[in-house]
Each structure stands twice: as structure tokens, then as C-alpha cells.
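For the first sequence, the positions run 859 to 1281 when our numbering is used. All C-beta atoms in this analysis are idealised placements derived from N, C-alpha and C, irrespective of residue type, glycine included. Treat the numbers as computed from the prediction; the structure is a model and nothing was measured. See structure below.
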Amino acid sequence: MIDIKKLRDDASTLKAKWQSRGLDVDVDALLAKDKEWRDCISSVEELKKTRNDESKKIGQIKKSGGDATEQMAAVKKIGDDIKELDEKAHTLHEDLQHELLSLPNPPSDSSPVGKSEEDNPFVRDWGTKAEFDFKPQAHWDLGEKLGILDMERAAKISGSGFALYRGAGAKLERALINFFLDRHEENGYQENWTPFLVNSKTMTGTGQLPKFKEDLYHTEKDDRFLIPTAEVPVTNIYSEEILEKDDLPKYMCAYTPCFRREAGAAGKDTRGIIRMHQFNKVEMVKLVEPDQSYTELELLVADAEQLLQNLGLHYKVIELCTADIGFSAARCYDIEVWAPGIGRYLEVSSCSNFEDFQSRRANIRYRPEKGGKPTYLHTLNGSGLALPRCVVAIMETYQREDGSIEVPDALVPYMNGQTEITP
RNA sequence: GGAAAGGUGGCUGAGUGGUUGAAGGUGCUCGCCUGGAAAGCGAGUGAAGGGGCAACUCUUCCGAGGGUUCGAAUCCCUCCCUUUCCGCCA
859 MIDIKKLRDD
869 ASTLKAKWQS
879 RGLDVDVDAL
889 LAKDKEWRDC
899 ISSVEELKKT
909 RNDESKKIGQ
919 IKKSGGDATE
929 QMAAVKKIGD
939 DIKELDEKAH
949 TLHEDLQHEL
959 LSLPNPPSDS
969 SPVGKSEEDN
979 PFVRDWGTKA
989 EFDFKPQAHW
999 DLGEKLGILD
1009 MERAAKISGS
1019 GFALYRGAGA
1029 KLERALINFF
1039 LDRHEENGYQ
1049 ENWTPFLVNS
1059 KTMTGTGQLP
1069 KFKEDLYHTE
1079 KDDRFLIPTA
1089 EVPVTNIYSE
1099 EILEKDDLPK
1109 YMCAYTPCFR
1119 REAGAAGKDT
1129 RGIIRMHQFN
1139 KVEMVKLVEP
1149 DQSYTELELL
1159 VADAEQLLQN
1169 LGLHYKVIEL
1179 CTADIGFSAA
1189 RCYDIEVWAP
1199 GIGRYLEVSS
1209 CSNFEDFQSR
1219 RANIRYRPEK
1229 GGKPTYLHTL
1239 NGSGLALPRC
1249 VVAIMETYQR
1259 EDGSIEVPDA
1269 LVPYMNGQTE
1279 ITP
């Protein structure tokens, strides 16, 4: 959420930033509503002051045995006015708050301005596209023939958009999760195991609510949501808390399954395991001091890249332009791994700096100096990494002509010494 | 799911309708004292929001939301959470 004070002070800059996202925000209407709310608050407070003073006087009169009937009637009238105005102020505030919560983060000045994903600048790449002296197969063919991926039975059990990994396929998932988590621990991230169902307050904290309810699985009876990413529970670990300067930076990571309705993505990536309603992911989250967040973003991307390098997978890093950047992010890098079987780069990580957008929503603060005033810290997160697309890249990159798959060296210990996957 | 007890400041813990934003203790900060420290003494020590250039000032907040009342931490209702016991269950 943006700071309403910024909107009061410098609406035109914010408006321009939203415009760079392709969003036309009626800032004048927002400011008018804000003004109306503040005027309302002022009147209420004035009335409350009068009421408090008068009530005290009544107390004194009664104590000294006097008759305060007249005063009581007068204050009663004030009370009625307060109630009415208070309700109005409350409604105005809720309304304004809802509108503010639905506004995306204004992109950082450092984010490249663009009109669509076509304008996302290339940052760097690592490795080269794998070459084959045979025609490489797509993972769905490889997986089915090897018996490690059973999309048909997954559909029978749950429907489309779900994967059933079997045998070495299941083991590969487990191996990747452990491999990723171990690397993060080495890099100073504390491992977390979180709830996978969260309440609406938590979802609002990281920005999934109120705007993207349609993308989430919701349990009607208990009003809880299945997490679409570990970012949600992990970032909210310290919600409503005030941390000390010495507590920062906080490096945290977690493996979780992720649940996404993929509403609006119908017909996209329907084959294979590129877009799933349920998938596994390891996520890194950082809570940092504001002046460190852009340095930390670079480090975060490097930590994600390291994993692909260890796996020997070719990838490229791109930066998202203002038109393509996510709702909550101020700046964002995507890492895309090369999948030679289908001949596409696949997004396996998104590393973002949210600045104080999430911390303001989730109310995560810290004291810049001992005994000082609490202020909002900066949050960042990055996938490290999303499993299915890594599996795709591994299968397709390490495939042999006979359809078997070589296990990348880094994963062999995590596969109990298994070096290849054969039928 | 049933029963009971609770939810007050960084922590602990009083408070049952009227200067209570909240006693006492503890912790923390600053000062005095000391060769230095401890002890002791003194002062300060929550958050959000509004107004003001500022000193400052006002409002709100005792789990959340309603209600009663001239006035609510205190009384009533609903919900949430915690603990203990019972039941059920991986």
C-alpha cells in the first residue's frame, strides 16, 4: 500500500508512475475523499473533546451531590451527533482504505519504463543452449515413457492442471527441494515450514487480496486461503511486529506447495507441467533496512542464479519493465531457464523488491535506532526455485537419444546416488 | 466438538462505572554518585491518526466488533485467540 501522505504531497509523480504501468488512477478523487475523511475526523474529535470535558463536569457535580439532569441531556445530544459523524468517518475511511489497497506499487525510478513484456530488457545470461545430434523430446513425452510423470492419472484424480510424479520423478522433486534448501541455508537463510492455509489478513499483507481473490483457492467454511506462494506466510511471519535494527537483515526461506486457480489462463500452457494448479516451490524472503534493499535485491538474484548454475542449466535474466511488473513490486528480475525440448525459455524465478509496500500492509516495522520511532522496513522475495519448470529443463537438457535422463551431478547425492533415470 | 479459565504497556501484574494511558514491580535510556563497576538516588520510557513551521496540542487504542450510559479497561452481546480438562483423530 502506498503512503497516503505521499499522495497528498506529490500526487502527480505517483500518477505518472501508475501511468507507466498502464493504469490511469483518479488521484483527484482519492485526494477529495481523503480530505473529506480528514474533515470528518476533525469534527468528530472536536465533539469528543467537548463530550469528555462535559462528562467530567457531570461527574464532579454528582460527586458533590448536585443535580446534573440538564447537562446530561445536553451531552446526550452531543453523543448522538458523534455517533452519526463517527459512522460517516468510519465508512469513508474503509472506502478509502479499500481503494488504496487495490492500487499497485508505483514502480521504482530504477525500473525500466515500457509498454509491454516486449520491452523487458535482457540483463545477462549464463551457459549456452544445449545442443543435440538428435531431435530432443518434450518433457511430457520423456516423462510418460519413463513412467515418472503420469498426467493422465493426475487428471483422473484431480482434473487438469495437476501432476502425478512417480518413482524417480517423485524422488527428483524431493531431491530438488532438499538441494535448494541446503544451498539457501549455506547462504544464511533460515529455513521455515509454514502453514499452507492462511487467513485473509495475511493474504492482504502481501498484496494477493483484495484484488486477486479470483486467483486463489478459498475454503468457504473457514474463510481461509491456500497459499499461492511461500512469500505469503513467510513475509507475514513478522506482521504487526516491531523489530530492532540488530534483527535485520532477516533471511528466510521455505519450501511449500503452491496453489493457483490460474483464472484467466485457460488454454495457456496446457501440455506438460509448465502451468499447474498445484506445484512445489522453494522461496527466499528478506526483510531489510530501506537503504539496503536494492543491494539485497542483486544478492537475491545471485542466490537464485547459483542454483541453476549448480544444475548446469542455461538461463537468462531479464528485468521487468513498468508495464509488466507485478502488483506489489517496485522492481523485479525474472530468471528464465532454457527448455530445449519445447524450445522455450521458462520463468523459474521472480526476484522482487517491494520496498515498503508490503510492510505497510502487513505492518512490519523496525527501529532504525534504539528507542527511536518505528518505521517500515523493506521486503523482498525471490523464487529459489519453482520446481516444475526446473524439472522440465533438467529432463529436456539432460535427455539422451534413448529417452533416458542423466541426473545432474549436483543432484546425485540427493537421489541416493542415482546417476540416471531409465524406464 | 464439549467444559472451564483467561486475553491490560518490552515483560510481569493491579485495577470493576468518573483526572486510569492505565498503580506496583521489572527491563531499557539518560543523569548523579564511583578510580571503575554494582548498589543507591533522580528523570525519562507505547502506538496510530488529526492540526501546527515549530515548541506543542487534540483524538483514539486495555484481544476484535457491536451495545448500554452523560461517561466504559470496568456492565451486556457476538466473534477471535490462548491455556487446561474431556472427546475425536494422523
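Euclidean distance between Cα positions of residue i and residue j
{"i": "LEU1034", "j": "VAL1265", "result": "11 Å"}
{"i": "LEU1178", "j": "ARG1258", "result": "35 Å"}
{"i": "TRP876", "j": "VAL1146", "result": "25 Å"}
{"i": "LEU1158", "j": "SER1241", "result": "9 Å"}
{"i": "ILE1263", "j": "GLY1275", "result": "14 Å"}
{"i": "GLU1227", "j": "GLY1046", "result": "24 Å"}
{"i": "ASP884", "j": "PHE1070", "result": "21 Å"}
{"i": "LYS973", "j": "CYS1209", "result": "20 Å"}
{"i": "GLY1201", "j": "PHE990", "result": "12 Å"}
{"i": "GLY1065", "j": "LEU1238", "result": "13 Å"}
{"i": "GLY985", "j": "SER966", "result": "30 Å"}
{"i": "ALA1124", "j": "GLU1278", "result": "35 Å"}
{"i": "LEU1106", "j": "TYR1152", "result": "15 Å"}
{"i": "ASN1050", "j": "ASP1008", "result": "30 Å"}
{"i": "LYS1108", "j": "LYS864", "result": "27 Å"}
{"i": "PRO1215", "j": "ASP999", "result": "The question names Pro, but residue 1215 is Phe in the sequence shown. Taking the straight line joining both Cα atoms gives about 43 Å."}
{"i": "ALA1026", "j": "ILE1006", "result": "6 Å"}
{"i": "LYS1079", "j": "TYR1096", "result": "27 Å"}
{"i": "HIS997", "j": "LEU881", "result": "38 Å"}
Integer Cβ distance of residue i from residue j, believed to fall under 8 Å
{"i": "SER1217", "j": "TYR1234", "result": "4 Å"}
{"i": "ARG1225", "j": "GLU1102", "result": "6 Å"}
{"i": "LEU950", "j": "GLU1010", "result": "The pair is not a contact, with the Cβ atoms about 55 Å apart (cut-off 8 Å)."}
{"i": "ILE1137", "j": "CYS1116", "result": "Here residue 1137 turns out to be Phe, not Ile, going by the sequence shown. That belief holds up - the Cβ atoms of PHE1137 and CYS1116 are roughly 6 Å apart, short of 8 Å."}
Buried or exposed (CB count within 10 angstroms, at least 16 for buried), residue i
{"i": "ILE1252", "result": "buried"}
{"i": "ALA1181", "result": "buried"}
{"i": "LYS1139", "result": "buried"}
{"i": "PRO979", "result": "exposed"}
{"i": "ASN1211", "result": "buried"}
{"i": "ALA887", "result": "exposed"}
{"i": "GLY956", "result": "In the sequence as presented, Gly is not what sits at residue 956; that position holds His. HIS956 is exposed by the Cβ-count criterion."}
{"i": "ASP938", "result": "exposed"}
{"i": "ARG1129", "result": "exposed"}
{"i": "ILE1183", "result": "buried"}
{"i": "PRO1086", "result": "buried"}
{"i": "LYS1286", "result": "Here the chain has residues from 859 to 1281 only, and residue 1286 is not among them."}
Reference residue i; option with closest CA among the options
{"i": "GLU1043", "options": "LEU1165, GLY924 and ASP1260", "result": "LEU1165"}
{"i": "SER960", "options": "ASN1168, LEU1067 and TYR1109", "result": "LEU1067"}
{"i": "VAL1206", "options": "LYS1231, LEU1171 and GLU957", "result": "LEU1171"}
{"i": "ASP1073", "options": "THR1280, THR1052, GLY1122 and PRO1198", "result": "GLY1122"}
{"i": "ASP977", "options": "MET1273, ILE1176 and ARG1247", "result": "ILE1176"}
{"i": "ARG1133", "options": "MET1142, LEU1245, PHE992 and HIS951", "result": "LEU1245"}
{"i": "LYS1174", "options": "ILE1193, ALA1188 and ALA1028", "result": "ILE1193"}
{"i": "GLY1230", "options": "VAL1250, SER901 and ILE1100", "result": "ILE1100"}
{"i": "ASP1267", "options": "PHE1037, ILE1006 and SER913", "result": "PHE1037"}
{"i": "VAL1270", "options": "GLU928, HIS997, ASN1168 and VAL1250", "result": "ASN1168"}
{"i": "ARG1024", "options": "GLY1017, GLY1001, SER1018 and LEU958", "result": "GLY1001"}
{"i": "LEU1155", "options": "ALA1187, GLU952 and ASP911", "result": "ALA1187"}
{"i": "VAL933", "options": "PHE1083, ASP911, SER922 and VAL1143", "result": "ASP911"}
{"i": "LEU943", "options": "MET930, PHE992, TYR1191 and SER900", "result": "SER900"}
Taking only runs that begin and end inside the segment 1183-1248, name each unbroken beta strand (DSSP E) of 3 or more residues, in chain order.
1189-1197, 1202-1213, 1222-1225 and 1236-1244
Unbroken stretches of the alpha helix (DSSP H), 4 residues or longer, contained in the segment 952-1031:
List check, alpha helix (DSSP H) in window: 997-1004 and 1009-1015.
Extract the residue ranges of the alpha helix (DSSP H) inside the segment 1245-1281, only unbroken runs of 4 or more that lie entirely within it.
1245-1255
Counting only runs of 3+ residues fully inside the segment 1035-1060, write out the beta strand (DSSP E) ranges in chain order.
Runs of the beta strand (DSSP E) lying entirely within the segment 1035-1060, each at least 3 residues long, are 1048-1050 in chain order.
Could you tell me which whole alpha helix (DSSP H) segments of length 4 or greater appear in the segment 1052-1126?
1058-1064 and 1089-1093
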